[in-house]
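> There's a structure below that I have some questions on.
There are 2 protein chains.
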Amino acid sequence: MKEQIFITGYGQTSFGEKWNQGLRDLMDEAITSAIENAGCTALDIDTVVVSNMLGEVTNNQAHLGAMAASLLPHHPPSLRAEAACASGAVALHTACALLESGKAETVLVVGVEKMTDTPAGKIASALMGAADAEKDAPSGLTFPGIFGLIAARYMHEYDLSRDRLNTVSAVHHKNAVSNPFAQFRNEIPAEKISQSPKVAEPLCMLDCSPISDGAAAVILSTKLESPISIAASQIASDTVSITDRATLTSFAATKDAMEAALTEASLEREDIDHLELHDCFSIAAIISLEDMGFAEPGKGITLYEKESALSINASGGLKACGHPVAATGIKQIIDVSKQLSNSGKTYGLTQNFGGAAATCGIHILKHTPVS
Amino acid sequence: MKEQIFITGYGQTSFGEKWNQGLRDLMDEAITSAIENAGCTALDIDTVVVSNMLGEVTNNQAHLGAMAASLLPHHPPSLRAEAACASGAVALHTACALLESGKAETVLVVGVEKMTDTPAGKIASALMGAADAEKDAPSGLTFPGIFGLIAARYMHEYDLSRDRLNTVSAVHHKNAVSNPFAQFRNEIPAEKISQSPKVAEPLCMLDCSPISDGAAAVILSTKLESPISIAASQIASDTVSITDRATLTSFAATKDAMEAALTEASLEREDIDHLELHDCFSIAAIISLEDMGFAEPGKGITLYEKESALSINASGGLKACGHPVAATGIKQIIDVSKQLSNSGKTYGLTQNFGGAAATCGIHILKHTPVS
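Heads up: the protein sequence lines correspond to chains A and B, in order.
Take 1 as the starting number for the first sequence in the working numbering and just add one per residue.
Take 1001 as the starting number for the second sequence in the working numbering and just add one per residue.
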């Protein structure tokens, strides 16, 4: 990073079915909470970046940058960034660029999504906007369908059993019990995962992250110091359509973003203590661990099966926290910030991808305890 | 600007009804043209920023950053920026931040919109996403309705006659005759403007920019030099809803962005020779001229009535070129670049706003002739 960027404050709504709050209300709650946490005032914010994917479809509302800026008394410059479910990561990356360029000193990044008021079919169709409308959608694929294909191929290639796959969601549900912001705070025994209704062979309902409402906000600053800073911000791209890929069981964008992030931070992956990864579907968690190099190909599941020095989705992940898509990448930053503060450890990492990882963003956070 | 940012190349599709091209095809044509114009190769591009407002609604396609990146052999990092009709300006601003931060050396910015395949009612509703879905839309307002209110108030406050207002669209149509990329290249006598069908009192059809398909791309670089560079990139925000404004006849975001841009470039407005402004509706051109300080309040129309040293919308503007909303801000940069190259003059300016100027972006271009 050209400049030291501090995570000056953060705040979020709980994730879930927030039927009494619209996009504006959700953003307002998260922003108010972040400003309070930062100990600054709204007037310290000189730029606003909103992360949102679905506003036009769910709420007939574009232009959310200006709407968020309107929630601050001085209406600072604003824009919205989008990369499907990686919208949070690209919004953070944009904020870092604004800060490193000197165009901004203190940026509010707020991710928001309002999904649960929209009928399931319409939401499923809108989420397919993250895939290729010409190459993927006409075959009738949904996102569970795409990740069903990916899971089937992975289980075939690496001989992963359905029972072992159950571990991922079971661990995430267990982790969420102590997270007051999580949509689902109930433990689920592993065997129940594959007993839940089949969604897209071999994936069951409890392999899939839910439809959620929620907002999450962070205040990034080169001026207002804090013990947590950003050591790397990297994004990478891949083909939007899975039909253009050489493999279904590894995501090039995750690999590219991870290598670039480790290089930027001058770190080895062994330096990372806390990880929040993008488990939109259980199989995605396993593939992500492998693509980030925390496990060999085919071995990602082992990190869920045994005690590990690496803390993975201690928040509960997308599965149990909920997945208001464009808020997720911001929420991950909040979770890792809290984990670093609580553990006293030094490095944490977030991995946030969009579609079938056609976009992946990796952020590395550094904790410098106040001496 | 912290770094000198060159406009290394540019290209666009013609604007209009492009019924044989989808979003991908339109982007591809503009990108190919921009790379050819730049004299570089696709591999010189290290980051892609896409400007789009309506893809989710018109084409069920989000994630256009990755889609544009997929059109390049190496799939560079990408994101999409949005601020309604100011999407082009905020995408350019984002690209400048990426370049000034050192995160990128050569950025492709491509704006695209595919509007004409979508039924008129659905497009009108989607465009209302640029306004406030809770405060403006429930009253039945459309964007012509909003600008009809603005025009009515302006004509009352400043005693502007309907006949004088006709001049704006008439001049834009005349200017477009020589623009091969314009949607409408026919001169229209001034009196015909107010004889066209009434859309929203006092505005008639020929006061309104059309629904259009099209794409425009620019390649910005700190490395690949060219005679045209960016002297200022500024964005500003205002309330999304006009119900939250103190006045309907002046746009604070235009004023704020203009002052900041002149300060950034260390210029007076008299230094500007070529101007492309955001005439989504005829009245918007007049208000914009006043808010930018080129005319006193109430006197903007005079710049259309007499010969002036300032060239205004020589391209034909949004009215005659067409307005594929998120492509417009990029197209303006292309037009001003060409105008500066042709005239040999030094400074040009683009003004691109979204909604009722809840977002406004101002870019100042500098021409340094090769000696």
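Built from N, CA and C at the ideal position, the CB exists for glycine as well.
Just so it is clear, the structure is predicted and the values come from calculations on it, not from any experiment.
Please confirm whether A/Asn59 has its beta-carbon closer than 7 Å to some beta-carbon of chain B.
It does; some Cβ of chain B falls within 7 Å.
> Per DSSP, what kind of secondary structure is A/Asn60 in: helix, strand or coil?
Residue state, collapsed to three classes: coil.
> Looking only at its chain, what residues have a beta carbon closer than 6 Å to the beta carbon of B/Ala1320, apart from the 5 residues adjacent to it on each side?
Answer for B/Ala1320: His1172, His1173, Ala1176, Ala1182 and Phe1184, listed in chain order.
> Is B/Val1336 close to chain A, meaning its C-beta is less than 7 Å from at least one C-beta of that chain?
Chain A, which has no Cβ nearer than 7 Å to the Cβ of B/Val1336, makes this no.
> How big is the Cα-Cα spacing for A/Leu289 and A/Leu165?
Looking at the two C-alpha atoms, the distance is approximately 14 Å.
> At a CB distance below 7 Å, what residues from the stretch 227 to 240 of chain A approach chain B? Give them in sequence order.
Listed by position along the chain: Ile235, Ala236, Ser237, Asp238, Thr239 and Val240.
> Flag this pair as yes or no: are the beta carbons of B/Cys1096 and B/Ile1219 separated by less than 7 Å?
Going by C-beta atoms, B/Cys1096 is not nearer than 7 Å to B/Ile1219.
> Below 9 Å between beta carbons is the criterion; list the residues of the stretch 1240 to 1251 of chain B that meet it against any residue of chain A, in chain order.
Going along the stretch 1240 to 1251 of chain B in chain order, one finds Val1240, Ser1241 and Asp1244 with a Cβ nearer than 9 Å to chain A.
> Enumerate in chain order the residues of its own chain whose CB-to-CB distance from B/Val1336 is below 6 Å, with the five nearest sequence positions on each side excluded.
So the qualifying residues of the chain are His1274, Glu1276, Gly1348, Thr1350 and Leu1365.
> Find the residues of chain B that neighbour A/Ser70, judging by a C-beta separation of less than 9 Å, and give them in chain order.
Residues of chain B passing the Cβ test: Asp1132, Ser1237, Asp1238, Thr1239, Val1240, Ser1241, Asp1244 and Ala1358.
> With DSSP collapsed to three states, give me the class of A/Gly141.
Before going further, note that residue 141 of chain A is Leu rather than Gly in the sequence given. It is coil, neither helix nor strand.
> When the Cα atoms are used, what is the spatial distance from A/Gln21 to B/Asp1238?
Near 23 Å, if we compare the C-alpha coordinates of B/Asp1238 and A/Gln21.
> What's the C-alpha gap between B/Cys1085 and B/Ala1131?
So the two alpha carbons sit approximately 11 Å from each other.
> For the stretch 1112 to 1130 of chain B, list every residue whose C-beta sits within 7 Å of some C-beta in chain A, in sequence order.
If the cut-off is 7 Å between Cβ atoms, the stretch 1112 to 1130 of chain B has Ser1125, Ala1126, Met1128, Gly1129 and Ala1130 near chain A.
> In chain order, which continuous runs of the alpha helix (DSSP H) of length 4 or greater are located wholly inside the stretch 1083 to 1129 of chain B?
If we require 4 residues or more, the alpha helix (DSSP H) runs fully inside the stretch 1083 to 1129 of chain B come out as 1087 to 1100 and 1120 to 1127.
> Under 8 Å: do the stretch 1225 to 1239 of chain B and the stretch 1011 to 1020 of chain B share three or more Cβ pairs, one atom per stretch?
Segments in contact, no.
> Return the CA-CA distance between A/Lys67 and A/Arg24, expressed in angstroms with no decimal places.
Just to set this straight, residue 67 of chain A is Met in the shown sequence, not Lys. Those two C-alpha atoms are separated by around 7 Å.
> Please give the ranges of any beta strand (DSSP E) in the stretch 252 to 288 of chain A, keeping only runs that are unbroken, at least 3 residues long and fully inside the region.
Here the runs fully enclosed are 274 to 276.
> With DSSP as the reference, label B/Gly1009 as helix, strand or coil.
Correct three-state label for B/Gly1009: strand.
> Does the beta carbon of A/Leu79 come closer than 7 Å to any beta carbon on chain B?
For A/Leu79, the answer is yes, since a Cβ of chain B falls inside 7 Å of its Cβ.
> Who are the Cβ neighbours of A/Leu64 in its own chain at under 8 Å, not counting the five residues just before and after it?
Result list for A/Leu64: Leu23, Met27, Val50, Asn52, Gly55, Arg80 and Val112, in chain order.
> Can you list, in chain order, the residues of its chain with a C-beta nearer than 6 Å to that of A/Thr8? Leave out the 5 residues immediately preceding and following it.
Same-chain partners within the cutoff: Ala38, Ile219, Ser221, Leu224 and Ser226.
> What does a CB cutoff of less than 8 Å around B/Thr1243 pick up in its chain, not counting 5 residues either side in sequence?
Asp1132, Lys1135 and Asp1136.
> Does B/His1063 come within less than 7 Å of chain D when only Cβ atoms are used?
Among the protein chains in the structure shown, which are A and B, there is no chain D.
> Leaving aside the five residues before and after A/Met258 along the sequence, list all residues of the same chain whose C-beta is less than 6 Å from its C-beta, in chain order.
Excluding residues within five positions, the ones whose Cβ falls inside 6 Å are Met292 and Ile362.
> Measuring alpha carbon to alpha carbon, tell me which of B/Gly1300, B/Gly1129, B/Thr1359 and B/Gln1061 ends up nearest B/Gly1329.
For the residues B/Gly1300, B/Gly1129, B/Thr1359 and B/Gln1061, the minimum Cα distance to B/Gly1329 belongs to B/Thr1359.
> For B/Lys1002, go through chain A and note every residue whose CB falls closer than 7 Å to its CB, in chain order.
The answer, in chain order, is Ser101 and Gly102.
> Interface residues of chain B around A/Leu98 at Cβ under 7 Å?
Ordered by position in chain B, the residues that pass the 7 Å Cβ test against A/Leu98 are Ala1097.
> Can you tell me whether DSSP reads B/Gly1373 as helix, strand or coil?
Here chain B comprises residues numbered 1001 to 1371, so residue 1373 of chain B is not present and cannot be evaluated.
> State yes or no: is the beta carbon of B/Thr1263 nearer than 7 Å to at least one beta carbon in chain A?
Cβ-Cβ to chain A under 7 Å: no for B/Thr1263.
> From B/Ile1211 to B/Met1205, what distance separates their C-alpha atoms?
C-alpha separation (whole angstroms): 12 Å.
> List the endpoints of the continuous alpha helix (DSSP H) containing B/Asp1025.
Residues Leu1023 to Ala1038.
> Determine which residues of the stretch 1199 to 1225 of chain B have a Cβ less than 8 Å from any Cβ of chain A, and write them out in chain order.
Listed by position, the residues of the stretch 1199 to 1225 of chain B near chain A (Cβ gap below 8 Å) amount to none.
> Using the Cα positions of A/Ala246 and A/Leu160, report the straight-line distance between them to the nearest angstrom.
Straight-line Cα distance between these residues: approximately 21 Å.
> For the stretch 300 to 327 of chain A, list every residue whose C-beta sits within 9 Å of some C-beta in chain B, in sequence order.
Within the stretch 300 to 327 of chain A, no residue has a Cβ that lies closer than 9 Å to any Cβ of chain B.
> Could you check which residue in B/Glu1201, B/Pro1144 and B/Asn1179 has the C-alpha nearest to that of B/Arg1162?
Nearest C-alpha to B/Arg1162: B/Glu1201.
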